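Residue numbers (the numbering used here): 6 to 152.
Glycine included, every Cβ here is placed at the ideal spot set by N, Cα and C.
Since we're looking at a predicted model, the values are computed, not measured.
Quick notes on the structure that follows.
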């Protein structure tokens, strides 16, 4: 009986994880289509652009979701009891992670200049901001509808 219960819990957990991964993949596909449309990339530009973009996203997501999230968790968990020295250390770690993301953005822009014109790089930033804004609006809308 215990084994059956464990197996059921495992299956439910795997299903929930797969749904979450499926949502991420759908959002990524929508983002790719949105950016491609906004930038009006030619086939050649698109073939060169997406590998560079995906590498950039991977690197920044690693920093954002592993390093920054871990630092913020330490801050949240220990805020009431942390000393100024500990707070200073965590602040330095957070600033260093944010600086690495900024450096990646600069490196990414330089690489893109070999693929697309500067005007399209600016359009990319605008498109990313617009996409993020639309996703937040959609999230808020769905949250209101659930009430």
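### Task
With distances taken Cα to Cα, identify the nearest neighbour of residue 43 among 65, 86, 76, 126.
Taking the chain shown and counting its residues from 1, one reaches residue 43 at position 38. Measuring from the Cα of residue 43, the nearest candidate turns out to be 126.
#### Entry: Contact belief for residue 109 with residue 65 at Cβ below 8 Å, rounded distance in angstroms
Working through the chain shown from its first residue, we reach residue 109 at position 104. Working through the chain shown from its first residue, we reach residue 65 at position 60. The Cβ separation is near 6 Å, so the contact holds.
### Query
Is it the case that the Cβ atoms of residue 116 and residue 57 are separated by a distance below 9 Å?
Residue numbering aside, residue 116 sits at position 111 when the chain shown is read from its first letter. Residue numbering aside, residue 57 sits at position 52 when the chain shown is read from its first letter. Contact flag set, yes.
### Query
In three-state terms, what does DSSP make of residue 10?
As a first step, residue 10 must be located in the chain shown, where it is residue number 5. Confidence in residue 10 is poor, its pLDDT being 37 and thus under 50, which makes the residue's placement unreliable; the coordinate value appears in the next sentence. In this structure, DSSP gives residue 10 a helical state, which the three-state scheme calls helix.
### Task
Let me know if residue 32 comes out buried or exposed under the rule of 16 or more other beta-carbons within 10 Å of its beta-carbon.
As a working mapping, residue 32 is identified with position 27 in the chain shown. Exposed, because fewer than 16 other Cβ atoms sit within 10 Å of the Cβ of residue 32.
#### Entry: First through last residue of the alpha helix (DSSP H) which encompasses residue 65
Here the question's residue 65 lines up with position 60 in the chain shown. Its alpha helix (DSSP H) spans residues 48–67.
### Message
Quick check: the Cα distance between residue 92 and residue 122, rounded to an integer number of angstroms?
### Response
Residue numbering aside, residue 92 sits at position 87 when the chain shown is read from its first letter. Residue numbering aside, residue 122 sits at position 117 when the chain shown is read from its first letter. The straight-line gap separating the alpha-carbon atoms of residue 92 and residue 122 is approximately 43 Å.
### Query
Which residue from 30, 39, 28 puts its Cα closest to that of residue 137?
What you label residue 137 is simply residue 132 of the chain shown in a count that begins at 1. That would be 39, whose Cα lies nearest to the Cα of residue 137.
### Query
Taking DSSP as the reference, what is the three-state secondary structure of residue 88?
If you number the chain shown from 1, residue 88 lands on position 83. In the structure shown, the three-state DSSP call for residue 88 is coil.
### Where residue 83 falls: helix, strand or coil (DSSP)
To locate residue 83, count along the chain shown from 1; it is residue 78. DSSP, reduced to helix, strand and coil, places residue 83 within a helical segment of the structure shown.
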